[in-house]
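Numbering (the numbering used here), first residue to last: 33 to 392.
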Amino acid sequence: MTTLNVDLGDRSYPILIDRELIGSVGLLKQYIPARQVMVVSNETVAPLYLDKLLSTLTDFEVHTHILPDGEEFKNLQILDGIFDALLKVPCDREVTLIALGGGVVGDITGFAAACYQRGVPFIQIPTTLLAQVDSSVGGKTAVNHPRGKNMIGAFYQPRCVVADTGSLDTLDDRQLSAGLAEVIKYGLIRDPGFFSWLEENMDALVDRDAAALSYCIERSCRNKAEVVAQDEHEAGVRALLNLGHTFGHAIEAGMGYGNWLHGEAVATGMLMAADLSRRSGWLSDQDVYRTGALLKRAGLPVVPPSELTASRYRDLMKVDKKVKSGHIRLVLLKSIGEAFVCDDYDEALLNQTLSAQTIY
Ligand code: NAD
Ligand code: GLY
Numbered sequence: 033m034t035t036l037n038v039d040l041g042d043r044s045y046p047i048l049i050d051r052e053l054i055g056s057v058g059l060l061k062q063y064i065p066a067r068q069v070m071v072v073s074n075e076t077v078a079p080l081y082l083d084k085l086l087s088t089l090t091d092f093e094v095h096t097h098i099l100p101d102g103e104e105f106k107n108l109q110i111l112d113g114i115f116d117a118l119l120k121v122p123c124d125r126e127v128t129l130i131a132l133g134g135g136v137v138g139d140i141t142g143f144a145a146a147c148y149q150r151g152v153p154f155i156q157i158p159t160t161l162l163a164q165v166d167s168s169v170g171g172k173t174a175v176n177h178p179r180g181k182n183m184i185g186a187f188y189q190p191r192c193v194v195a196d197t198g199s200l201d202t203l204d205d206r207q208l209s210a211g212l213a214e215v216i217k218y219g220l221i222r223d224p225g226f227f228s229w230l231e232e233n234m235d236a237l238v239d240r241d242a243a244a245l246s247y248c249i250e251r252s253c254r255n256k257a258e259v260v261a262q263d264e265h266e267a268g269v270r271a272l273l274n275l276g277h278t279f280g281h282a283i284e285a286g287m288g289y290g291n292w293l294h295g296e297a298v299a300t301g302m303l304m305a306a307d308l309s310r311r312s313g314w315l316s317d318q319d320v321y322r323t324g325a326l327l328k329r330a331g332l333p334v335v336p337p338s339e340l341t342a343s344r345y346r347d348l349m350k351v352d353k354k355v356k357s358g359h360i361r362l363v364l365l366k367s368i369g370e371a372f373v374c375d376d377y378d379e380a381l382l383n384q385t386l387s388a389q390t391i392y
């Protein structure tokens, strides 16, 4: 088992990575401080992994709450259903919430844990590649609002993250590709050596080679943990983790939540960020080409949706957490491995990127 640490002083926690961790008896015990546990999962993941998890929790009073599956259910109404389930038991302020599922289950359960009785212990068991390499680590929790993605939420760190890489065996290829978008992001923003490694190993990853996948999860989590340890609340460097997300969130909301997967929208968004960086004279043609080629090999979309006009993009992009005093700030690239937050891009060039039908 690989153990990484997210170094946040007295709120530090481990990321445990290996196959067959969900059924590992005794693994979670030290992270559950009291008797009551509520496992939150969804209707797809629960039939696959819930019994296995419950078989390891026989020392506890365990309750379960199963959500409908989909990004469109990451909302205040479904969150209220979690509170209702907790109060119905009733669960006290020492209950530990365990999120068993992808980023949707993780984000909404984490936010429930942050709010329930002003904060209860929380464990992440991510079961998608995207959740294992990104969303389960770092304490961002949220639900969507019809007017904007992840607009209602809190920073709230888990007690531990348990990434059972064996759970990826049941994940479909489209979801695996969506996770690879966030993996490629680390190479683009801060780890050029990893980007080159991904260029060499993308075929193995897409073919689900176990050693390649496990290395890529570990290196991604290392990148994420380092950034979060430096800037937990996104006052600076953590903003770079949002490369492609301002464009991507506009695609997700504009196309209707759930139609474009988050990772797919981020992939195309990263290419749009690369395109604006090139138009601005900061990024070479060659680096835009390498970015597009790698995303494509990962099975990700590289063509922005033709349904969204530049003016619709702009309306959607104004509802973004990086907006300051009404101005849209963007994460852009200087090279593969070097990103920066930009608020003085040329508006005409942004319009060209938003209108471009072909980038790569
Ligand atoms: P998801 O949670 O919707 O999961 C994708 C699909 O895979 C779902 O249908 C799910 O039921 C299914 N699934 C999950 N595990 C499975 C398994 N092992 N086998 C078979 N099917 C499985 O999507 P996601 O890509 O995991 O997460 C996307 C969400 O994460 C978005 O809401 C995004 O905003 C959020 N996110 C949050 C952060 C953060 O820092 N908190 C970072 C990135 C993304
Ligand atoms: N996924 C972006 C972040 O955690 O900051």
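Don't be surprised by glycine CBs; every beta carbon is placed ideally from N, CA and C.
- Straight across, the Cα-Cα distance linking GLY276 with PHE115 is about 33 Å.
- Relative to ligand 2, the nearest heavy atom lies less than 6 Å away from the CB of LEU273.
- ALA210 has its CB nearer than 6 Å to a heavy atom of ligand 1.
- PHE279 carries a helical assignment under DSSP once its states are collapsed to helix, strand and coil.
- Collapsing the DSSP output to three states places PHE187 in a strand.
- The alpha-carbon of THR390 is positioned some 27 Å away from that of ASP223.
- Under the 10 Å beta carbon count, ARG150 is surrounded by fewer than 16 other beta carbons and is classified as exposed.
- With a cutoff of 6 Å, ARG191 does not count as near ligand 2, since its C-beta is closer than that to no heavy atom of the ligand.
- Segment contact: the segment 300 to 313 against the segment 173 to 188, fewer than three CB-CB distances shorter than 8 Å; contact not assigned.
- Secondary structure of TRP314 (DSSP, three-state): coil.
- The beta carbon of ASP235 sits no closer than 6 Å to any heavy atom of ligand 2.
- Taking 6 Å as the cut-off, the C-beta of LYS172 counts as close to a heavy atom of ligand 2.
- As computed with DSSP, PRO336 is found in no beta bridge at all.
- In this structure, GLY225 and VAL165 do not form a Cβ contact; the two beta carbons are roughly 17 Å apart against a cut-off of 8 Å.
- Residue ARG125 holds the alpha-carbon nearest to the alpha-carbon of ALA144 among TYR247, ARG125, CYS374, LEU162.
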